[in-house]
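Working notes, beginning with the structure itself.
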Amino acid sequence: MITAQQDHWLPWKADAAPTLDSRAPAKKSSVNLPDALVGGIVPLAVLFVWEVLARLEMLPPNWLPAPTVVAKTIYEMAAAGDLWKHVGITAARVALGFLLGASGGTLLGALTGYFPVARKLLDPLLQSLRSVPSIAWVPLFLLWLGIEESSKIALISLGAFFPVYLSLSVAMRHVDPKLLEVGQLYRLSSFEMVGRLILPAVLPEYIVGLRSGLGLAWMFVVAAELLGASRGIGYLMVDGQMTGRAAIILGSVLLFAVCGKTTDWMMSAAGAKLLGHRAR
Amino acid sequence: MEKAKGNELTPRGAPKKGALHIAIARKKFVGSQGSLTALRDISLRIRPGEFVCIVGGSGCGKTTLLRILAGLETQYEGSVFLDGRRIAGPDRNRGMVFQEHRLLPWLTVRENVAFGLSRLSPAERSGKVQHYLDLVGLRSFERQYPHQLSGGMSQRVAIARALAGRPEVLLLDEPFASLDALTRIRMQAELLQVWQAERSTVVLVTHDIEEAVYLADQVVVMSPQPGTIRNVLSVDLSRPRERTNHQFNRIRRAVLDELLAHALA
Numbered sequence: 000m001i002t003a004q005q006d007h008w009l010p011w012k013a014d015a016a017p018t019l020d021s022r023a024p025a026k027k028s029s030v031n032l033p034d035a036l037v038g039g040i041v042p043l044a045v046l047f048v049w050e051v052l053a054r055l056e057m058l059p060p061n062w063l064p065a066p067t068v069v070a071k072t073i074y075e076m077a078a079a080g081d082l083w084k085h086v087g088i089t090a091a092r093v094a095l096g097f098l099l100g101a102s103g104g105t106l107l108g109a110l111t112g113y114f115p116v117a118r119k120l121l122d123p124l125l126q127s128l129r130s131v132p133s134i135a136w137v138p139l140f141l142l143w144l145g146i147e148e149s150s151k152i153a154l155i156s157l158g159a160f161f162p163v164y165l166s167l168s169v170a171m172r173h174v175d176p177k178l179l180e181v182g183q184l185y186r187l188s189s190f191e192m193v194g195r196l197i198l199p200a201v202l203p204e205y206i207v208g209l210r211s212g213l214g215l216a217w218m219f220v221v222a223a224e225l226l227g228a229s230r231g232i233g234y235l236m237v238d239g240q241m242t243g244r245a246a247i248i249l250g251s252v253l254l255f256a257v258c259g260k261t262t263d264w265m266m267s268a269a270g271a272k273l274l275g276h277r278a279r
Numbered sequence: 000m001e002k003a004k005g006n007e008l009t010p011r012g013a014p015k016k017g018a019l020h021i022a023i024a025r026k027k028f029v030g031s032q033g034s035l036t037a038l039r040d041i042s043l044r045i046r047p048g049e050f051v052c053i054v055g056g057s058g059c060g061k062t063t064l065l066r067i068l069a070g071l072e073t074q075y076e077g078s079v080f081l082d083g084r085r086i087a088g089p090d091r092n093r094g095m096v097f098q099e100h101r102l103l104p105w106l107t108v109r110e111n112v113a114f115g116l117s118r119l120s121p122a123e124r125s126g127k128v129q130h131y132l133d134l135v136g137l138r139s140f141e142r143q144y145p146h147q148l149s150g151g152m153s154q155r156v157a158i159a160r161a162l163a164g165r166p167e168v169l170l171l172d173e174p175f176a177s178l179d180a181l182t183r184i185r186m187q188a189e190l191l192q193v194w195q196a197e198r199s200t201v202v203l204v205t206h207d208i209e210e211a212v213y214l215a216d217q218v219v220v221m222s223p224q225p226g227t228i229r230n231v232l233s234v235d236l237s238r239p240r241e242r243t244n245h246q247f248n249r250i251r252r253a254v255l256d257e258l259l260a261h262a263l264a
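Below is the structure:
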């Protein structure tokens, strides 16, 4: 707009000014509106080329089946009802593991964030445990909890625990002391201090922690199911590998992507609703 | 200490509450690199309903003094009394406005003003909030969030929040320092109106001499290292004061001389 106005005052551009004005919205839309579509161009092109190459039998079908074949495989499984069983069990594992891990992370994060003594006692231990790659615990979990559900849930919980713990503990320690002073001025009790100042203040960071915890829960359910399961999306992948059906593996990857993205979107929408209109 | 003379424009039927008696022998900050004496031999009496401005350069302890009055600093030698009772910590009988507005970003304007009123019934609370939002002229912004307000508006909300608890003493720490010159002048006039409506004691810290002379019944001039009171000057000018007036400038000059006398010594 500014350039358009300036141009208007330049005599040699005087007649160009209205054109500039009328063109401005069109130009804006060509940059802004299709941004999401622009991001889709390359993936669509890749899918198209992939499809064409597969149809021309230039790609071995048992190695890289056409996208339409992958879609058809998923559709057939969905129609047969098998798919929902697998998706359901995986989602249940993620839900339970995330719930346990996030609860633990919330509890210990709040403790260490609020009480300096708790932080001095617990934080060094938790930080050193965090530096162990979580998959390394798998043999121990299997030994302790067996190959059934418990060991899977434990692994997923562990994945969800750390981001939640870390974000809450750090955020609670770094609440603006200037805002805490306001609470002091109004003589809030420690209970009110937490409820009316600290919790609302850390909410944005906490939600970010929950989101990454959920992301890790999905990551770890893949690991857990690949390591031995008789049901679940991860089992489908192993099954596809054993029976040499790449379409099933690719379909499972797609399912994980869709499920993970959906739950992240749900979490982020819930977070946005909680945070309301406040400035981040 | 110079005694303030009666001021015609101090609200009539002067309030009985809000008398401050300050007697601080020493306030030290102890850090890892030794200790620093922030205040020394501060002795000051502020009468109920009086408007006092504390001026001084940076590091003269004026903010520390205000924080002691608020009850946010309690470790010092000496004592401060409000209406005969020793100040031992923050209390609802004192309201504080900081240099930054310190509004809670997750609350609306009206929720921020109501922050300290949780003990009142909802009806009482909402009446108070409306009254003080009207007083600072922000009634129509009650549903906005702090980030949607300008600096001056935020500071007005902070003043309304401090006033909503009906404090006997209103403490302000350079409340207009971050505002532009025009907004500052408007806010000063508004603060005077609020003070005249509320009749509470006001202690305002500033480094702006003109602001101090425009607002105060008494100007307390402080000097640093260690922070101490250099002089107390009365401003016997009727309100509203004319900033370009000869008398005004004479007092302004006197305050400046006090400050410079120390700085050049």
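Which chain is which? The protein sequence lines are A and B, in order.
Going by numbering that gives the first Met the number 0, 6 is the number at position 7 of the first sequence; the sequence numbering is gapless.
Going by numbering that gives the first Met the number 0, 137 is the number at position 138 of the second sequence; the sequence numbering is gapless.
Glycine included, every Cβ here is placed at the ideal spot set by N, Cα and C.
Only a predicted model underlies this, so the values are computations on that prediction, with no experimental measurement involved.
- For a Cβ distance threshold of 7 Å, nothing in chain B lies close to Val-174(A): the least Cβ distance comes to about 11 Å.
- Per DSSP, the continuous beta strand (DSSP E) segment holding Gln-217(B) begins and ends at 217-222.
- Take Met-241(A), set aside five residues on each side of it, and no residue of its chain has a beta-carbon closer than 7 Å to its own.
- Per DSSP, reduced to three states, the secondary structure at Ala-222(A) is helical.
- Counting only unbroken stretches of 3 or more residues, the beta strand (DSSP E) elements lying wholly within the stretch 162-212 of chain B are 168-172 and 200-205, in sequence order.
- In chain order, Ile-41, Ser-42, Leu-43 and Val-79 place their CB closer than 7 Å to the CB of Ile-21(B), counting only its own chain and leaving out the 5 sequence neighbours on each side.
- Here the alpha carbons of Gly-58(B) and Ala-262(B) stand approximately 12 Å from one another.
- DSSP places Ser-153(B) in the helix class (H, G or I) of the three-state scheme.
- C-alpha of Glu-167(B) to C-alpha of Leu-81(B): approximately 9 Å in a straight line.
- Relative to Ala-135(A), the option among Asp-122(A), Ser-211(A), Leu-124(A) and Ser-150(A) whose CA is nearest is Ser-150(A).
- Residue state for Lys-27(B) is assigned as strand, using DSSP reduced to three classes.
- Scanning its chain for C-beta atoms nearer than 6 Å, with the 5 sequence neighbours on each side dropped, one finds around Leu-121(A) the residues Thr-111, in chain order.
- Listed along the chain, the chain A residues whose CB falls inside 7 Å of the CB of Phe-114(B) are Tyr-185.
- Taking the Cα of Ser-233(B) as reference, the smallest distance to any Cα among Gln-224(B), Val-220(B) and Pro-225(B) is reached at Val-220(B).
- Exposure of Phe-47(A) is indicated by the presence of fewer than 16 other C-beta atoms within 10 angstroms of its C-beta.
- DSSP places Arg-39(B) in the uninterrupted beta strand (DSSP E) bounded by 33-45.
- When C-beta distances to chain A are compared with 9 Å, the residues of the stretch 80-103 of chain B below that value are Gly-88, Pro-89, Asp-90, Arg-91, Arg-93, Gly-94, Met-95, Phe-97, Glu-99, Arg-101, Leu-102 and Leu-103, in chain order.
- Val-254(B) sits in a helix when the DSSP states are folded into three classes.
- Ile-40(A) carries a helical assignment under DSSP once its states are collapsed to helix, strand and coil.
- Against chain B, the CB of Leu-254(A) has no partner CB under 9 Å away; the residue lies outside that interface.
- Rounded to whole angstroms, the gap between the alpha carbons of Ala-109(A) and Pro-104(B) is 21 Å.
- Across the stretch 157-181 of chain A, CB contacts with chain B closer than 8 Å involve Lys-177, Leu-178, Glu-180 and Val-181, in sequence order along the chain.
- Contact of Ser-139(B) with chain A is not assigned, every C-beta pair being separated by 9 Å or more.
- Around the beta carbon of Ala-159(A), a 10 Å sphere encloses 16 or more other beta carbons of the protein chains shown; the residue is thus reported as buried.
- Contact check for Ala-70(A) and Leu-63(A): beta-carbon distance about 14 Å, past the 8 Å limit, so the pair fails to qualify.
- Look at Leu-68(B): its C-beta is not under 9 Å from any C-beta on chain A.
- For the 9 Å CB-CB criterion, Arg-165(B) and Arg-186(A) do not form a contact.
- When C-beta atoms of the stretch 168-188 of chain B are compared with those of the stretch 141-155 of chain B, three or more pairs fall below 8 Å, so the two segments count as touching.
- Looking only at Pro-225(B), Arg-93(B) and Leu-116(B), the smallest Cα-Cα distance to Val-202(B) is reached by Arg-93(B).
- Here Asp-34(A) is exposed. Its C-beta has fewer than 16 other C-beta atoms within 10 Å.
- Residue range 50-54 is occupied by the beta strand (DSSP E) that includes Val-51(B).
- The beta carbons of Leu-99(A) and Ser-133(A) sit no closer together than 9 Å.
- In terms of CA proximity to Lys-84(A), Tyr-234(A) leads the group Val-45(A), Tyr-234(A), Val-193(A) and Val-131(A).
- Counted as a single uninterrupted DSSP element, the alpha helix (DSSP H) harbouring Phe-160(A) occupies residues 148-172.
- Along the stretch 143-177 of chain B, the positions whose C-beta sits under 7 Å from a C-beta of chain A are Tyr-144 and His-146, read in chain order.
- The beta carbon of Leu-196(A) sits closer than 9 Å to some beta carbon of chain B.
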